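Residue numbers (the working numbering), protein chains in the order written: chain A, 1 to 144; chain B, 1 to 144; chain C, 1 to 90; chain D, 1 to 90.
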């Protein structure tokens, strides 16, 4: 049975625990992506981020995205977890993992999942700047 | 200063520790690759793997590969670690990590490093099969 | 006017949830609303007037009862409607 | 015959290290060897006869003193030479 997991978390993400769920001795390749809260965006100094999420729909859409990646790239398993709430610099905003027999599939699968998450998941990001101002940013304005 | 690390290890690899070395609040994206010992290859049931390495040259070549990836893809940092000795199923044979401002760079950098490691690092892999036989395999015969 | 259209014009009660920019603009995160809007698009225009939402409908996605729908989807009594401003996962 | 070639033909002592398939075939992981081979390629042909190495030189890489070199690199006394059969990282 293929592992296909998507979750949302108010607590810091643990890549070790998340990747452990994908362990499978049939898999030769594991690729993970982490989105980290960085200290700048579009020329501004960022001090924190806040994610607001429409949970019910985000969970459905996230699971769809992961299942699509598994089918498209022949993955053995895949999972993703998105953090919400207030995050400090360096924290993990999103984790994606994909396992496959071969590395090309695992790279393509992980890249697909994060691309789709950025464009389709009903989640919003507010940046807090060093100046004290804030802004809702969206994925056409910036990218990791 | 860019982080550029390559190492060899006789002990099990710790992705947490290896990725921690790449922490940088300027980085928005982190991509890692892990090669796992899988239970089959070219139709045979594999029970264990052994890696033999020419350490002095592997360390030099590994560092060159990581440095090339940083320069080619504008990475903030990158690292890789290859295990040697006897490995059981599910163990991590190789870990690669790359950080960048944006995710495309991090994906491309990590993929470059593992591709080059597979073809250039003076390290050899012996597969132990369920039948009791063994074979030295090389990267033109198989891929993860 | 057909029977169906007469039915469409009666006020019906829907539930709205607001997120992010729209939540801040509407100064609430949900409301129960009686409306004569026949479609999600009409409902958005109604809300846009009331709350001065800055974003045009063309930049929004729409979800009804926790599924994405097109803006022309007919509204039904009891629907939970969410207008989704541009997202930013990751 | 030039002076250089005369010099090249004198036996010199080099160190060899063997890995993987070559180590198993040679039944040793290193040796110190006096050879009249002038280049790495000539040295490989000499070893191939002695140990029945199955792989042609075209499938090998060569390292001298911990750096990759071409097979036609001249051998010098004291060189550490490693013939590198096809590798498999990852």
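A virtual CB, placed ideally from N, CA and C, is assigned to each residue, including glycine.
All values derive from a computational prediction rather than experimental measurement.
Under 7 Å, Cβ to Cβ, is there at least one residue of chain B near residue i?
i	result
residue 19 of chain D	yes
residue 42 of chain D	no
residue 31 of chain A	yes
residue 63 of chain D	yes
residue 36 of chain A	yes
residue 131 of chain A	no
For chain D, find out if any of its Cβ atoms is closer than 7 Å to the Cβ of residue i; answer yes or no.
i	result
residue 52 of chain B	yes
residue 76 of chain B	no
residue 92 of chain B	no
residue 139 of chain B	yes
residue 118 of chain B	yes
residue 144 of chain B	Bear in mind that a pLDDT of 43 at residue 144 of chain B, under 50, signals an unreliable position, so the number given afterwards is only what the model happens to contain. By this cut-off, residue 144 of chain B is an interface position.
residue 95 of chain B	no
residue 69 of chain B	no
Return no unless some Cβ of chain A is closer than 7 Å to the Cβ of residue i.
i	result
residue 88 of chain C	yes
residue 2 of chain C	Per-residue confidence for residue 2 of chain C stands at a pLDDT of 43, beneath the threshold of 50, marking its modelled position as unreliable; no derived number is given.
residue 66 of chain C	yes
residue 56 of chain B	no
residue 73 of chain B	no
residue 6 of chain B	no
residue 28 of chain B	yes
residue 108 of chain B	no
residue 21 of chain B	no
Look up residue i in the DSSP assignment and give the residues it is bridged to.
i	result
residue 74 of chain C	C/39
residue 41 of chain A	A/44
residue 82 of chain B	B/8, B/94
residue 80 of chain D	D/15
residue 27 of chain B	Partner(s): none; residue 27 of chain B has no beta bridge.
residue 49 of chain B	B/87, B/127
residue 32 of chain B	A/32, B/97
residue 67 of chain C	C/64
residue 33 of chain C	C/14
residue 3 of chain B	B/77
Decide if residue i is buried, meaning its Cβ has at least 16 other Cβ atoms within 10 Å, or exposed.
i	result
residue 72 of chain B	exposed
residue 10 of chain D	exposed
residue 29 of chain D	exposed
residue 77 of chain C	exposed
residue 50 of chain C	exposed
residue 45 of chain A	exposed
residue 54 of chain C	exposed
residue 89 of chain C	buried
residue 27 of chain B	buried
residue 27 of chain D	exposed
residue 83 of chain C	buried
residue 11 of chain B	exposed
residue 103 of chain A	buried
residue 144 of chain B	Residue placement at residue 144 of chain B cannot be trusted, given a pLDDT of 43 that sits under 50; the coordinates are not used to answer.
Can you confirm whether residue i, when its beta carbon is compared against all beta carbons of chain C, has any partner nearer than 7 Å?
i	result
residue 136 of chain A	yes
residue 12 of chain A	no
residue 3 of chain A	no
residue 59 of chain A	no
residue 44 of chain A	no
residue 89 of chain A	no
residue 114 of chain A	yes
residue 15 of chain A	no
residue 121 of chain A	yes
Could you compute how far the alpha carbon of residue i sits from the alpha carbon of residue j?
i	j	result
residue 73 of chain C	residue 2 of chain A	35 Å
residue 142 of chain B	residue 43 of chain B	Interpretation of residue 142 of chain B is limited by its pLDDT of 45, a score under 50 that renders its predicted location unreliable; no figure is taken from the coordinates.
residue 122 of chain B	residue 61 of chain B	8 Å
residue 52 of chain D	residue 25 of chain D	7 Å
residue 126 of chain A	residue 69 of chain D	55 Å
residue 101 of chain B	residue 38 of chain A	8 Å
residue 67 of chain D	residue 41 of chain D	16 Å
residue 38 of chain D	residue 119 of chain B	29 Å
residue 98 of chain A	residue 20 of chain D	32 Å
residue 137 of chain A	residue 124 of chain B	48 Å
residue 69 of chain B	residue 68 of chain A	30 Å
residue 63 of chain A	residue 117 of chain A	10 Å
residue 23 of chain A	residue 115 of chain A	23 Å
residue 22 of chain C	residue 32 of chain C	16 Å
residue 34 of chain D	residue 81 of chain D	13 Å
residue 95 of chain B	residue 128 of chain A	34 Å
Is the number of C-beta pairs between the region 2–17 of chain B and the region 114–134 of chain A that are closer than 8 Å three or more? At 8 Å Cβ cutoff, the stretches do not touch.
Say whether the region 44–64 of chain A touches the region 25–34 of chain A, bearing in mind that this needs 3 or more beta-carbon pairs closer than 8 Å, one atom from each stretch. no
Taking three-plus beta-carbon pairs below 8 Å as touching, is the region 9–16 of chain D in contact with the region 107–118 of chain A? Result no; under three Cβ-Cβ pairs closer than 8 Å.
Between the region 74–93 of chain B and the region 55–67 of chain D, do three or more beta carbon pairs fall short of 8 Å? no
Is it the case that the region 14–29 of chain B contacts the region 9–20 of chain A, given that we only count it when at least three CB pairs across the two stretches are under 8 Å? Taking a cut-off of 8 Å for Cβ pairs, the region 9–20 of chain A and the region 14–29 of chain B touch, as three or more such pairs fall below it.
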